Amino acid sequence: MFRREETMLQINGLTITHKKDLRVILEDFNLVLNDGDKAVIIGEEGNGKSTLMKWLYDPALTEEYAEVRGTRVLGNEKPGYLPQELPEKDRQKTLYEFFTEEDCFWNRTPKELAKMAGKFGVEAEFFYREQLLGSLSGGEKVKAQLMKLLIQEPTALLLDEPSNDIDLATMELLETVINGWEKIVLFISHDETLIENTANMVVHLEQIRRKTKSRYTVAKMPYRDYVQRRLHSFERQEQQALNDRRERKLREERFRKIYQSVEHAQAVISRQNPGAAKNLKDKMHVVKAMGRRFARQDEEMTELPEQEEAIFFKLGGQDASMPAGKTVIEYSLDELWTPGGERSMSVYAEYAVDHTDSWVESDARSARLLARNIFLRIRGPEKICIVGANGAGKTTLLKKIADELLERPDVRAEYMPQNYEDLLDLAMTPVDFLDRSGSKEERTRIRTYLGSLKFTMDEVERPIRELSGGQKAKVLLLKMSMSGANVLILDEPTRNFSPLSGPVIRKMIREFPGAVISISHDRKYIAEVCSAVYRLTPEGLEEAAL
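Quick note, the sequence shown lines up with residues 66 to 611 if you use my numbering.
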């Protein structure tokens, strides 16, 4: 009888050290994954999650910046890897080039490809478009990479942030793919709902003692169970440690009194009473032996639990409050085009009558009308979220709203784009970027704030280009906090924060006293933060159920 061969991924004694600062981000790490394991890697930014994933897929991907010791056993596995960011080499490829460079693409029938396209919410012609991958929306890029990955028929899925930027329908499809995968899935995600709905195993990477020591935990249980057990374990350990310290304090006080009593008796006893003096000397030996025994017990005393705490800081003070009756914006737009689309069509209409320049025609072909008759009104400290399918134009619309609000003198607006590098100067350090006055006091305050956000002294002085996505997001959030803004415009604000920091970020935005206009596919963010949700459709914005 035919027996399906089981698959296995194994990592033995893995230690990863950053070449630049010699920081150990993973030490003596061991992991075994078998068929049916759906393991999520969690941890704060900079803890080595993506590095671990890259190394497991192809050690050459980490050679430039990390020293690695350890072994990986793939057996008969055929791993398929989804990187966190679209590789630079793929950005200039057309969709047709991207898909057809794999021989397995031609093994799929048009019917099979059309079925896959339908599941991912794109047209069947998506595979054959001449559009450059770099020009796709964030969600469309992820969809393209996921579809190509599935066409290759891997046995193990290695997914680095597959939930970034995809719409809610595709998020549910991703859950279905992960839950229905019979073999191995190892993934990184900041979306708590996705993790809760799919993972049956947790790999938690931590940096404790001010990022000087790495620690990891592998737990074969669902994420929510892991969080609860971890919390209860820390609470029990902390309570036991505090009890041990209280008992030690009482014991030390009793010991001190006994010691002082014997010591005092020795000091005042008469030399004419040698028998009593000898008894006191023997008693002191007993007391000192007791002290040594207590010292040995203290070495075995329960340690206070160490954990990598989630970030915390407040977003906006009283000066950021927005009066309830204040109209923040009444925004109208007859037509929403792809970026530059209005100009392309206008130029083409005027120019193509007498000319046939290919760039004009090409730009016109890529122009796309996304929506019409858009209207949005926001009053007071509302917190609204715009949702919609990938490619619907949400980011394009938010950027237009931001352009208007940033010019308004009656509000103080700050904008966090989906691509942080649109606003960050990558050559500057976080301190230099945030410093407005150049004063010693302000730079000290900025360093203190960055420290509260778990930046090390070394990271504070690094160029921003060397920071992780989550650290770049923290820099922008801190800029917003220091600016006194009363309107925040946020494109996917939770996308680069760990699931353990997610509740903190949501609480921070929920308690912000001003108005918030955001885009998000994070279901917990929508449920916990937003007072209204609008779906962008070709016919404009329509209110959606929370």
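C-beta atoms are modelled at their ideal positions from N, C-alpha and C, and glycine is treated no differently.
Keep in mind the model is a prediction, meaning the values are calculated, not measured.
Cβ neighbour criterion (16 or more within 10 Å) applied to Met236: Here residue 236 is taken as the residue at index 171 of the sequence shown, counted from 1. With 16 or more other CB atoms across the displayed protein chains lying within 10 angstroms of its CB, Met236 is buried.
Do Arg560 and Asp230 have their beta-carbon atoms positioned less than 8 angstroms apart in this structure? Position 165 of the sequence shown, counted from the start, is the residue given in the question as residue 230. Position 495 of the sequence shown, counted from the start, is the residue given in the question as residue 560. It is a contact, given that the beta carbons lie within the stated cut-off.
Distance, Cα to Cα, Ser548 vs Ala385? If you number the sequence shown from 1, residue 548 lands on position 483. If you number the sequence shown from 1, residue 385 lands on position 320. Looking at the two C-alpha atoms, the distance is approximately 9 angstroms.
Cross-strand partners of Trp246 (DSSP beta bridge): For the purposes of this step, residue 246 is identified with residue 181 of the sequence shown, where counting begins at 1. None, per the DSSP bridge assignment.
Pick helix, strand or coil for Asp347, following the three-state DSSP scheme. Walking along the sequence shown from the start, residue 347 turns up at place 282. Under the three-state reduction of DSSP output, Asp347 falls in the helix class.
DSSP state of Ile554, grouped into three classes? Here residue 554 corresponds to residue number 489 of the sequence shown, with the count starting at 1. Note: Ile554 maps to strand in three-state DSSP.
Run through DSSP, which three-state label would Ile449 get? In the sequence shown, counting from the first residue as 1, residue 449 sits at position 384. For Ile449, the secondary structure class from DSSP, reduced to helix, strand or coil, is strand.
List in chain order: all unbroken alpha helix (DSSP H) runs of 4+ residues lying wholly within the segment 507–579. If we require 4 residues or more, the alpha helix (DSSP H) runs fully inside the segment 507–579 come out as 522–525, 534–548 and 567–575.
Is the beta carbon of Ser228 sitting closer than 8 angstroms to the one on Leu259? The count along the sequence shown starts at 1 and reaches residue 228 at position 163. The count along the sequence shown starts at 1 and reaches residue 259 at position 194. Cβ distance < 8 angstroms, so Ser228 and Leu259 count as in contact.
Applying the criterion that 16 or more other CB atoms from any shown protein chain within 10 Å of the CB defines a buried residue, is Asp347 buried or exposed? Position 282 of the sequence shown, counted from the first residue, corresponds to residue 347. Exposed, since its Cβ has fewer than 16 Cβ neighbours within 10 Å.
Tell me which residue opens and which closes the beta strand (DSSP E) that Tyr146 is part of. Numbered from 1 along the sequence shown, position 81 holds the residue referred to as residue 146. Note, Tyr146: beta strand (DSSP E), Pro144 to Leu147.
Is His269 helix, strand or coil when you go by DSSP? Position 204 of the sequence shown holds residue 269. Taken through DSSP and simplified to helix, strand or coil, His269 comes out as strand.
On a Cα-Cα basis, can you pick out the residue from Arg88, Glu162 and Ala221 that is closest to Val138? Position 73 of the sequence shown, counted from the start, is the residue given in the question as residue 138. It is Ala221.
Should Asn112 be labelled buried (16 or more other beta-carbon atoms within 10 Å of its own) or exposed? In the sequence shown, the residue the question calls residue 112 occupies position 47. By the beta-carbon neighbour count (other beta carbons within 10 angstroms, threshold 16), Asn112 is buried.
Helix, strand or coil: how does DSSP classify Gln157 here? Counting from one through the sequence shown, the residue named residue 157 turns up at place 92. Gln157: coil per DSSP, three-state reduction.
Would Ile466 pass as a contact of Tyr599 if the rule is Cβ separation under 8 angstroms? Taking the first residue of the sequence shown as 1, we reach residue 466 at position 401. Taking the first residue of the sequence shown as 1, we reach residue 599 at position 534. Not in contact: Ile466 and Tyr599 (Cβ atoms no closer than 8 angstroms).
Coil, strand or helix - Asp225 by DSSP: Locating residue 225 in the sequence shown gives position 160, where the first residue counts as 1. Asp225 sits in a strand when the DSSP states are folded into three classes.
Touch check for the segment 75–92 and the segment 237–252: three-plus C-beta pairs under 8 angstroms? The segment 75–92 vs the segment 237–252: no contact.
Straight-line CA distance for Phe359 to Val351? Working through the sequence shown from its first residue, we reach residue 359 at position 294. Working through the sequence shown from its first residue, we reach residue 351 at position 286. Between Phe359 and Val351, the C-alpha separation is close to 12 angstroms.
In the structure shown, what three-state DSSP assignment does Ser502 receive? For the purposes of this step, residue 502 is taken as residue 437 along the sequence shown, with counting starting at 1. In this structure, Ser502 counts as coil in the three-state DSSP scheme.
Chain-order list of residues whose beta-carbon lies under 6 angstroms from that of Arg510 (same chain, five-residue window excluded): On the sequence shown, residue 510 is found 445 positions in, with the first residue counted as 1. Closer than 6 angstroms at the Cβ level, and outside the excluded window around Arg510, lies no residue.
Going by DSSP, what residue range makes up the beta strand (DSSP E) through Tyr480? Along the sequence shown, read from residue 1 onward, the residue named residue 480 stands at position 415. Tyr480 -> beta strand (DSSP E) spans Ala478 to Met481.
Quick one: Cα of Met318 to Cα of Ile334, how far? Taking the sequence shown and counting its residues from 1, the one referred to as residue 318 is at position 253. Taking the sequence shown and counting its residues from 1, the one referred to as residue 334 is at position 269. Looking at the sequence shown, residue 318 is not Met but Glu. Distance between Glu318 and Ile334, taken at the CA atoms: about 24 angstroms.
Please report the straight-line C-alpha distance between Arg173 and Leu515, rounded to a whole angstrom. As a first step, residue 173 is located in the sequence shown; it is residue number 108 there, counting from the start. As a first step, residue 515 is located in the sequence shown; it is residue number 450 there, counting from the start. Approximately 51 angstroms between the Cα atoms of the pair.
What do you get for Phe192, buried or exposed, if any count of 16 or more other CB atoms within 10 angstroms of its CB means buried? Taking the sequence shown and counting its residues from 1, the one referred to as residue 192 is at position 127. Buried, because 16 or more other Cβ atoms sit within 10 Å of the Cβ of Phe192.
Backbone secondary structure at Lys322 - three-state DSSP: Position 257 of the sequence shown, counting from 1, holds the residue named residue 322. If DSSP states are grouped into helix, strand and coil, Lys322 belongs with the helices.
Host beta strand (DSSP E) of Glu400 (start-end): Within the sequence shown, the letter at position 335 stands for residue 400. Judged by DSSP secondary structure, Glu400 falls within the beta strand (DSSP E) whose first and last residues are Thr392 to Trp402.
On the DSSP bridge list, what partners appear for Arg173? Counting from one through the sequence shown, the residue named residue 173 turns up at place 108. In DSSP, Arg173 forms no bridge with anything.
N- and C-terminal bounds of the alpha helix (DSSP H) containing Met212: Here residue 212 is taken as the residue at index 147 of the sequence shown, counted from 1. Run containing Met212: Gly203 to Ile216, per the alpha helix (DSSP H) assignment.
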